[in-house]
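In my numbering, the protein residues as written are 19 to 250.
See below for the structure under consideration.
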């Protein structure tokens, strides 16, 4: 396999990096050539995004991708991953969209906060359009560091809006012959014409519940920790 000769002239790099590789003539084997091209690719990404402060650990109302939260109180939290000494967030921008595709296209149809000068990264309140009930929303965030350099956008995350007090159409059910201190089983049979892309079940029960689908446990309601109130 013949050697390959690579010339590079990257004037946009910092002096410490430029002095290392500008106008460098190298003879590399195929294996080393691949490593060299990978290094060039990484340097190109560093030039495109000046800050390495990438947001991670996205939370909504303190939960990772929560389900059925109240639309009146939506708060965003994230962390900035940066190993540089003294690095600090100086601004942020949040995008919220109704679909992941719209969010990937850079469209914050539900909310585009714009560049907000703030170091706040916890409990940032949503200030966009009214969020419809029983819908999934997608969001991402990017930040600027103390030098005014922006990071990449975070990986997209979602949160589901639940039903409000005026959105419920269901009625509570109970077997009047069952003792309140015992378990009661309720069953609903139904069929669907097509394979659903996404299905949601909203359950509200006093104390605790277990939800089954075709004999398989789908979820458990959180048992309260107050044994005196619930007599447990």
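Backbone N, C-alpha and C define an ideal beta-carbon position, used for all residues, glycine too.
Can you look up residue i in the DSSP assignment and give me helix, strand or coil?
{"i": "residue 143", "result": "strand"}
{"i": "residue 39", "result": "Reliability fails at residue 39, whose pLDDT of 38 lies under 50, so the model's placement of it is uncertain and the value that follows must be treated cautiously. Correct three-state label for residue 39: helix."}
{"i": "residue 65", "result": "For residue 65, the predicted structure reports a pLDDT of 41, less than 50, and the residue's modelled location is therefore unreliable. A value from the coordinates is still provided. Of the three classes helix, strand and coil, the one that applies to residue 65 here is helix, per DSSP."}
{"i": "residue 128", "result": "coil"}
{"i": "residue 85", "result": "coil"}
{"i": "residue 77", "result": "strand"}
{"i": "residue 210", "result": "coil"}
At what residues does the beta strand (DSSP E) containing residue i begin and finish?
{"i": "residue 229", "result": "228 to 231"}
{"i": "residue 186", "result": "From DSSP, residue 186 is part of no beta strand (DSSP E); its letter is neither H nor E."}
{"i": "residue 99", "result": "93 to 99"}
{"i": "residue 176", "result": "175 to 179"}
{"i": "residue 237", "result": "234 to 238"}
Considering only the beta carbon of each residue, do residue i and residue j sit closer than 8 Å?
{"i": "residue 111", "j": "residue 160", "result": "yes"}
{"i": "residue 72", "j": "residue 145", "result": "no"}
{"i": "residue 78", "j": "residue 99", "result": "no"}
{"i": "residue 151", "j": "residue 89", "result": "yes"}
{"i": "residue 156", "j": "residue 94", "result": "no"}
{"i": "residue 109", "j": "residue 126", "result": "no"}
{"i": "residue 178", "j": "residue 113", "result": "no"}
{"i": "residue 163", "j": "residue 223", "result": "no"}
{"i": "residue 121", "j": "residue 149", "result": "no"}
{"i": "residue 315", "j": "residue 136", "result": "In the structure as shown, the chain begins at 19 and stops at 250. Residue 315 is therefore absent and cannot be evaluated."}
Identify every residue that forms a DSSP beta bridge with residue i.
{"i": "residue 160", "result": "111"}
{"i": "residue 71", "result": "None; residue 71 has no bridge partner."}
{"i": "residue 168", "result": "162"}
{"i": "residue 154", "result": "178"}
{"i": "residue 134", "result": "110"}
How far does the alpha helix (DSSP H) with residue i in it extend, from its first residue to its last?
{"i": "residue 122", "result": "118 to 122"}
Cα-Cα, which of the options is closest to residue i?
{"i": "residue 207", "options": "213, 233, 140 and 182", "result": "233"}
{"i": "residue 229", "options": "209, 204 and 213", "result": "204"}
{"i": "residue 182", "options": "164, 163 and 153", "result": "153"}
{"i": "residue 221", "options": "215, 214 and 236", "result": "236"}
{"i": "residue 226", "options": "87, 131, 123 and 201", "result": "201"}
{"i": "residue 91", "options": "142, 82 and 117", "result": "142"}
{"i": "residue 119", "options": "218, 134, 176 and 131", "result": "176"}
{"i": "residue 124", "options": "189, 186, 171 and 166", "result": "171"}
Just checking residue i against the ligand MG - is the residue's beta carbon closer than 7 Å to any of the ligand's heavy atoms?
{"i": "residue 229", "result": "Absence of the ligand MG is noted for the structure shown, with no ligands found whatsoever."}
Can you find a CB in chain D that lies within less than 8 Å of the CB of residue i?
{"i": "residue 74", "result": "Of the protein chains in this structure there is only one, and it is not chain D."}
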